[in-house]
Amino acid sequence: MAVREIIKFPDKRLRLISEPVKRIDAGIRKLVEDMFETQYHAPRVIGLAAIQVGVAKRVVTVDLSKKEEAHEPRVFINPEITWTSEEKITYGEGCLSIPEICEEVERPVQVKVKYLDLDGKAREIEADAVFARCLQHEIDHINGVLFIDHISKLKRDRIIKKFSKAAKKKVEA
Ligand code: K1U
Ligand code: ZN
């Protein structure tokens, strides 16, 4: 298992639409193992999309367990939202690929998601609260959407400016 590097905004790969997984082979299983290793390496992170480690495949990992609890890894391959509740809630969101930014985002409270598990079995689950939010955030990632796309243009432009400036400085250094 290996901790992979997280790609950071404004890296253009974060805007790619990830490809569906056609076959769950050793490469996908290794990717999933590494995604959990990467996720567990960063404090308080509960989800990850493959594109955040530079792999444009529709793979999402989630673990909602608390620090002191045993790990509860969940894998979602080719996940699709099939239903969202009308009820919405606003919650402060962050993202490993846009570090140190937290903004309020409104999203449906509950979702239904169909997906394949690691054995290739088709499943559907209903999620609410933090689980639902995490799935929506990660499924956005595999569609090239970032949480800053759900905030005001004014706030988004400020964030884009900050990260573009930092990236330019890094290139010049
Ligand atoms: O995709 C990522 O960058 C990881 C990110 C996903 C996320 C999940 C839920 C809400 C917003 C974003 C994180 O895991 S950040 C951690 C986090 O926000 C959180 C952690 C524990 C409880 C509630 C939220
Ligand atoms: Zn994210």
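So the numbering used here is basically just the index in the sequence shown, starting at one, shifted up by 847.
For glycine and all other residues, C-beta sits at the position ideal for the given N, C-alpha and C.
Predicted model, so just to flag it, every value in this text is computed and none were measured.
Runs of beta strand (DSSP E) lying entirely within the stretch 881-925, each at least 3 residues, in chain order: You should have 894-896 and 906-909.
7 Å CB neighbourhood of methionine 848 in its chain, flanking five on each side removed: Taking the sequence shown and counting its residues from 1, the one referred to as residue 848 is at position 1. The beta carbon of methionine 848 sits closer than 7 Å to those of Glu880, Asp881 and Glu884, all from its chain and outside the five residues before and after it, given in chain order.
Simplified DSSP assignment, three categories, for glycine 939: Working through the sequence shown from its first residue, we reach residue 939 at position 92. Strand.
Where the alpha helix (DSSP H) containing valine 992 begins and where it ends: Within the sequence shown, numbered from 1, the residue matching residue 992 stands at position 145. For valine 992, no alpha helix (DSSP H) encloses it, and the DSSP letter there is neither H nor E.
Assigned exposure category for serine 999 - 16 Cβ within 10 Å defines buried: Taking the first residue of the sequence shown as position 1, residue 999 is located at position 152. Result: exposed.
Given 8 Å, three or more beta-carbon pairs between the stretch 926-945 and the stretch 871-879: Contact fails: fewer than three Cβ-Cβ distances are below 8 Å.
Straight-line Cα distance separating alanine 979 from threonine 931: As a working mapping, residue 931 is identified with position 84 in the sequence shown. As a working mapping, residue 979 is identified with position 132 in the sequence shown. Threonine 931 and alanine 979 have their C-alpha atoms roughly 9 Å apart.
Check: serine 944 C-beta below 7 Å from any heavy atom of ligand 1: One-based indexing of the sequence shown puts residue 944 at position 97. Taken from the Cβ of serine 944, at least one heavy atom of ligand 1 lies inside 7 Å.
Supposed contact pair isoleucine 924 and isoleucine 871 - C-beta distance, whole angstroms, cut 8 Å: In the sequence shown, residue 871 corresponds to position 24, counting from 1. In the sequence shown, residue 924 corresponds to position 77, counting from 1. Yes, they are in contact, since the Cβ atoms of isoleucine 871 and isoleucine 924 sit about 7 Å apart, within 8 Å.
Whole-angstrom distance between proline 955 and leucine 965, CA atom to CA atom: Counting from one through the sequence shown, the residue named residue 965 turns up at place 118. Counting from one through the sequence shown, the residue named residue 955 turns up at place 108. CA-to-CA, the gap between leucine 965 and proline 955 works out to about 27 Å.
Residue nearest to isoleucine 948 in terms of C-alpha spacing, selected from Pro920, Arg1005, Ala903 and Val922: Mapped onto the sequence shown, residue 948 falls at position 101. Closest by alpha carbon: Arg1005.
Where alanine 889 falls, given that 16 or more other Cβ within 10 Å makes a residue buried: Stepping through the sequence shown from its first residue, residue 889 is reached at position 42. Alanine 889 is exposed by the Cβ-count criterion.
Own chain partners of valine 909 with C-beta closer than 6 Å, once the 5 adjacent residues on each side are dropped: By one-based count along the sequence shown, residue 909 stands at place 62. The beta carbon of valine 909 lies closer than 6 Å to those of Gly894, Arg921 and Cys981 in the same chain, with the five residues before and after it left out.
Three-state class that DSSP yields for lysine 869 in the structure shown: Stepping through the sequence shown from its first residue, residue 869 is reached at position 22. Lysine 869: coil per DSSP, three-state reduction.
Coil, strand or helix - isoleucine 975 by DSSP: By one-based count along the sequence shown, residue 975 stands at place 128. The sequence as given places aspartate at residue 975; isoleucine does not occur at that position. In this structure, DSSP gives aspartate 975 an extended state, which the three-state scheme calls strand.
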